[in-house]
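Note sheet for the following structure.
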Amino acid sequence: MRHRLVEEAAKLIASSSYVVVFTGAGISTESGIPDFRGPSGLWKRIDPAKFSIEYFYEDPDEVWKLFIQFFENYRRARPNPAHYAIAELERIGVVKSVITQNVDGLHQAAGSRRVIELHGSLRYAVCINCGYKVSLEEAIEEARRAARAPRCPRCGMPLKPGVVFFGEALPRKALEEAFEEAGRADLVLVVGSSLTVYPAAYIPQYAKERGAKLLIINMTPTASDYIADLVIRGKAGEVLPAITREVKKLKGIEGDIVRQGC
Ligand code: NAD
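Heads up: the sequence shown at position 178 corresponds to 177 in numbering that gives the first Met the number 0, and the numbers run straight through without jumps.
Structure follows, in structure tokens:
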């Protein structure tokens, strides 16, 4: 049953000319980073309201304290076979870009080159007043030392981790690029997203409305399964390498998945 679905997915991908991948937290759970809403999701342990921008303005010191614990999972994480399989599909010219809701940088670490980050990144912290950026590692060091929110070296106001908090707008340039890519795609491959966080979740729907095919790989049902051309329920780290190998076979490309990147 699974093999038939893998073959079907590979055929869809190999016969498309502009494949765009859309990923969520589920692609990184096999790298040891918990998702939010999956079976062992983070929201079962942490109150999501603490990662809202309103709460950050109220108590930045408390948010940094929580954030530092939370960040440890990310620091240790390495790409898993799903990230490498996607990077390989880009390397062989099939995938044109990756739109991700993730902030973990694992697509880039696996070798994906064109990555659009919708929810910011863990590479930096940003001043809530003047927008000045410093590396997140530096900000964390200061937060630990001072046991409070780190301060902007330029204006002295609190720095905020470079990720989009609940209640904040998404970075405009990334959002625009993502919609452009979705408009160009003839196939969108969704991996590891519940497709419930808006406006990001609208991107695959937008592509579908413009005639793209929609292929969803997720462990549990998603909010857009009903419009998908094909849904595979399974672990991204198992299903994606199998699909990528099959695509390479269909295209007559020899060799196994290359683990490029850093
Ligand atoms: P989500 O938590 O709403 O959904 C994740 C989905 O992935 C779930 O439906 C779950 O069943 C599925 N899943 C879990 N493990 C899987 C696996 N191994 N293979 C296939 N599917 C798997 O995540 P979302 O849709 O990305 O939205 C949540 C928000 O959380 C996003 O805005 C994102 O920015 C943020 N987030 C990011 C990270 C990260 O950077 N790694 C981690 C947690 C949350």
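Backbone N, C-alpha and C define an ideal beta-carbon position, used for all residues, glycine too. This structure is a prediction, so every number in the text was calculated from the model and none was measured.
Is it buried or exposed, residue i, if we count other Cβ atoms within 10 angstroms and call 16 or more buried?
| i | result |
| --- | --- |
| N128 | exposed |
| Y83 | buried |
| H118 | buried |
| E179 | exposed |
| T195 | exposed |
| E71 | exposed |
| T219 | exposed |
| G23 | buried |
| K250 | exposed |
| G254 | exposed |
| E57 | exposed |
Between the alpha carbons of residue i and residue j, how many angstroms are there, rounded?
| i | j | result |
| --- | --- | --- |
| I67 | I139 | 7 Å |
| K172 | H106 | 19 Å |
| R153 | P160 | 16 Å |
| R122 | A146 | 21 Å |
| Y17 | A86 | 15 Å |
| L169 | K247 | 35 Å |
| G31 | A76 | 6 Å |
| Q256 | E53 | The question names Gln, but residue 256 is Ile in the sequence shown. Computed Cα separation, rounded: 44 Å. |
| C126 | M156 | 7 Å |
| V93 | V102 | 24 Å |
| V187 | A206 | 7 Å |
| H182 | V19 | A small fix is needed here, since residue 182 is Gly in this sequence, not His. Using only the alpha carbons, I get a separation of about 10 Å. |
Pick helix, strand or coil for residue i, following the three-state DSSP scheme.
| i | result |
| --- | --- |
| A48 | helix |
| R1 | helix |
| Y73 | helix |
| Y131 | coil |
| V238 | helix |
| E253 | coil |
| S15 | coil |
| L88 | helix |
| G104 | coil |
| A9 | helix |
On a Cα-Cα basis, can you pick out the residue from the options that is closest to residue i?
| i | options | result |
| --- | --- | --- |
| R112 | L214, E57, Q100 and L88 | L88 |
| I98 | R232, L4, A235 and A184 | A184 |
| E7 | S192, A211, I252 and I231 | I231 |
| G236 | V163, A222, G166 and I216 | I216 |
At which residue ranges does the segment 149 to 225 contain complete beta strand (DSSP E) runs of 3 or more residues, listed in the order of the chain?
Runs of the beta strand (DSSP E) lying entirely within the segment 149 to 225, each at least 3 residues long, are 158 to 162, 186 to 190 and 212 to 217 in chain order.
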